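Protein chains in written order, with numbering that gives the first Met the number 0: chain D, 0 to 93; chain A, 0 to 151. Heads up, the beta-carbon is just placed ideally off N, CA and C, and yes, glycines get one too. The model shown is predicted, which means the values in this text are computed figures rather than measured ones. Accompanying notes for the structure given below.
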Amino acid sequence: MKIIAVCGLGVGSSVIAKMNIESIVSDEGKDDVTVDTIDLGSIRSAPADIYVTTRELFDNFPEEYKAKTIVLTNFVDKNDIKAHLDPKMAELQK
Amino acid sequence: MATNPSLSIDQVQLKVHADDWEDAIRVAAQPLVDSDNITDGYVNAMIQSVKKLGPYIVIAPGLALGHARPSAAVHRTGFAIATLRDPVKFGNKDNDPVDLVVILASVSDTDHLALLQKIVAFLNEPSNLRVLRNATTSVEAQKIVNQINGGN
Numbered sequence: 000m001k002i003i004a005v006c007g008l009g010v011g012s013s014v015i016a017k018m019n020i021e022s023i024v025s026d027e028g029k030d031d032v033t034v035d036t037i038d039l040g041s042i043r044s045a046p047a048d049i050y051v052t053t054r055e056l057f058d059n060f061p062e063e064y065k066a067k068t069i070v071l072t073n074f075v076d077k078n079d080i081k082a083h084l085d086p087k088m089a090e091l092q093k
Numbered sequence: 000m001a002t003n004p005s006l007s008i009d010q011v012q013l014k015v016h017a018d019d020w021e022d023a024i025r026v027a028a029q030p031l032v033d034s035d036n037i038t039d040g041y042v043n044a045m046i047q048s049v050k051k052l053g054p055y056i057v058i059a060p061g062l063a064l065g066h067a068r069p070s071a072a073v074h075r076t077g078f079a080i081a082t083l084r085d086p087v088k089f090g091n092k093d094n095d096p097v098d099l100v101v102i103l104a105s106v107s108d109t110d111h112l113a114l115l116q117k118i119v120a121f122l123n124e125p126s127n128l129r130v131l132r133n134a135t136t137s138v139e140a141q142k143i144v145n146q147i148n149g150g151n
């Protein structure tokens with residue numbers, strides 16, 4: 000499974016999201032998940048199963064990507080990220 | 000070539016005043032300008048980035064991560080942290096107002112990762128956030144710096 004964290008520049012918030020998601024999936028023992036980061040402008044060249052982003056950037060997402068996307072309001076609270084991420088990952092594994 | 004940066008106490012400012020969100024970024028970044036880690040151009044780039052992309056840099060309740068792309072305006076990778084005496088609004092629906100600003104400046108896409116990992120580990124703990132937000136003295140600042148650099 001591939002998860003991509005999307006931010007405006009690809010160096011700050013998305014990197015923080017990546018670090019926390021990697022830590023969460025590692026704790027969950029999911030070793031088949033890879034996490035990358037990109038800036039929003041590059042989304043069409045970066046296929047993934049799940050995209051993670053903020054509310055402000057989500058509004059600018061291409062429509063066809065929105066169903067695959069999780070909106071996070073807190074990039075440092077691992078419990079909050081997990082609460083959004085786990086249901087989405089479970090949905091994909093059905 | 001990674002430069003293995005660490006946080007120093009003069010990059011941490013506690014309970015400073017900012018007039019508004021732009022000022023908050025300027026004030027928080029000033030130690031990095033003073034130490035010539037970054038130029039004023041980088042500070043302006045961080046502000047322009049918010050104007051262009053929106054206040055998405057407010058990545059958690061009350062917490063803004065000021066940053067711009069690596070560029071020639073960054074001489075050395077570095078971070079700075081400021082807590083604000085009076086919170087300011089960035090225009091972020093979920094996470095305003097902001098009372099904690101973290102500035103990130105990197106010479107490359109990777110040079111900041113080791114220290115960022117340590118800062119993220121610190122920010123992951125709600126109790127650390129409370130300590131940082133309540134801190135007022137240089138002794139407390141030094142403890143926070145040591146904790147971040149120690150990576151736990």
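Original post:
Would you report the Cα separation of residue 84 of chain D and residue 63 of chain A, rounded to the nearest angstrom?
Top reply: Inter-residue distance for residue 84 of chain D and residue 63 of chain A is about 22 Å (C-alpha atoms, whole angstroms).
Subject >> Within-8 Å CB hit, residue 11 of chain A to chain D >> reply: Chain D places no beta carbon closer than 8 Å to that of residue 11 of chain A, leaving this residue out of the contacts.
Original post:
By Cβ distance, which residues of its chain are closer than 7 Å to residue 135 of chain A, with the 5 residues on each side in sequence left out?
Top reply: Taking residue 135 of chain A as the centre and dropping the five residues before and after it, the same chain places the C-beta of 13, 14 closer than 7 Å to its C-beta, in chain order.
Original post:
In whole angstroms, what separates the C-alpha of residue 70 of chain D from that of residue 120 of chain A?
Top reply: Near 21 Å, if we compare the C-alpha coordinates of residue 120 of chain A and residue 70 of chain D.
Subject >> Straight-line gap, residue 28 of chain A to residue 91 of chain D (C-alpha atoms, nearest Å) >> reply: Approximately 42 Å between the Cα atoms of the pair.
**OP:** Could you tell me whether the Cβ of residue 94 of chain A comes closer than 8 Å to any Cβ of chain D?
**Re:** Yes, residue 94 of chain A counts as interfacial toward chain D.
**OP:** Return the CA-CA distance between residue 23 of chain A and residue 93 of chain D, expressed in angstroms with no decimal places.
**Re:** About 46 Å.
Subject >> Alpha-carbon spacing of residue 66 of chain A relative to residue 30 of chain D, whole angstroms >> reply: Spanning the alpha carbons of residue 66 of chain A and residue 30 of chain D requires a straight line of approximately 31 Å.
Subject >> Assumed close pair residue 54 of chain A, residue 90 of chain A - CB separation to whole angstroms, cut-off 8 Å >> reply: Correct: roughly 5 Å between the Cβ atoms.
Original post:
Using a Cβ cut-off of 7 Å, which residues of the region 35-61 of chain D contact any Cβ in chain A, in chain order?
Top reply: Residues passing the 7 Å Cβ filter: 53, 54, 55, 56.
**OP:** Take residue 66 of chain D as the anchor and find which of D:56, D:50, D:73 has the nearest alpha-carbon.
**Re:** Closest in C-alpha terms to residue 66 of chain D, from the list D:56, D:50, D:73, comes D:50.
Subject >> Straight-line Cα distance separating residue 2 of chain D from residue 58 of chain D >> reply: Each residue's Cα considered, the two are about 19 Å apart.
**OP:** Look at residue 7 of chain D and residue 103 of chain A and say whether their C-beta atoms are less than 8 Å apart.
**Re:** No. Outside cutoff.
Original post:
If we call anything under 8 Å between Cβ atoms a contact, is residue 72 of chain A one with residue 30 of chain A?
Top reply: No, the pair does not count as a contact, with Cβ atoms beyond the cut-off.
**OP:** Would you give the residue range spanned by the alpha helix (DSSP H) that residue 28 of chain D belongs to?
**Re:** Looking at the DSSP string, residue 28 of chain D is not in any alpha helix (DSSP H), and its letter there is neither H nor E.
Subject >> Beta-carbon proximity of residue 87 of chain A to residue 17 of chain A, cut-off 8 Å >> reply: Going by C-beta atoms, residue 87 of chain A is nearer than 8 Å to residue 17 of chain A.
**OP:** Examine chain D for any beta-carbon lying closer than 8 Å to the beta-carbon of residue 0 of chain A, and answer yes or no.
**Re:** Any reading at residue 0 of chain A is ruled out, since the residue's pLDDT is 47, under 50, leaving its predicted position unreliable.
Original post:
Name the chain A residues that come within less than 8 Å of residue 25 of chain D, Cβ to Cβ?
Top reply: From the beta-carbon of residue 25 of chain D, no residue of chain A is found nearer than 8 Å; the closest lies around 14 Å away.
Original post:
Cβ of residue 74 of chain A within 8 Å of Cβ of residue 127 of chain A?
Top reply: With respect to the 8 Å criterion, residue 74 of chain A and residue 127 of chain A are not classified as neighbours on the basis of their beta carbons.
**OP:** Tell me residue 102 of chain A's beta-bridge partners as DSSP assigns them.
**Re:** Per DSSP, A:65, A:79.
Subject >> For residue 33 of chain A and residue 74 of chain D, the rounded distance between their alpha carbons >> reply: Roughly 29 Å between the two C-alpha positions.
Subject >> From D:19, D:24, D:79, D:34, residue whose alpha carbon lies closest to that of residue 118 of chain A >> reply: Just measuring C-alpha positions, the residue of D:19, D:24, D:79, D:34 sitting nearest residue 118 of chain A is D:19.
Original post:
Which bits of chain D does residue 123 of chain A rub up against, with CB to CB less than 8 Å?
Top reply: 19, 75, 76, 77, listed in chain order.
Original post:
Are the beta-carbon atoms of residue 40 of chain A and residue 99 of chain A separated by less than 8 Å?
Top reply: No, the pair does not count as a contact, with Cβ atoms beyond the cut-off.
Subject >> Host beta strand (DSSP E) of residue 50 of chain D (start-end) >> reply: 49-52 is the extent of the beta strand (DSSP E) around residue 50 of chain D.
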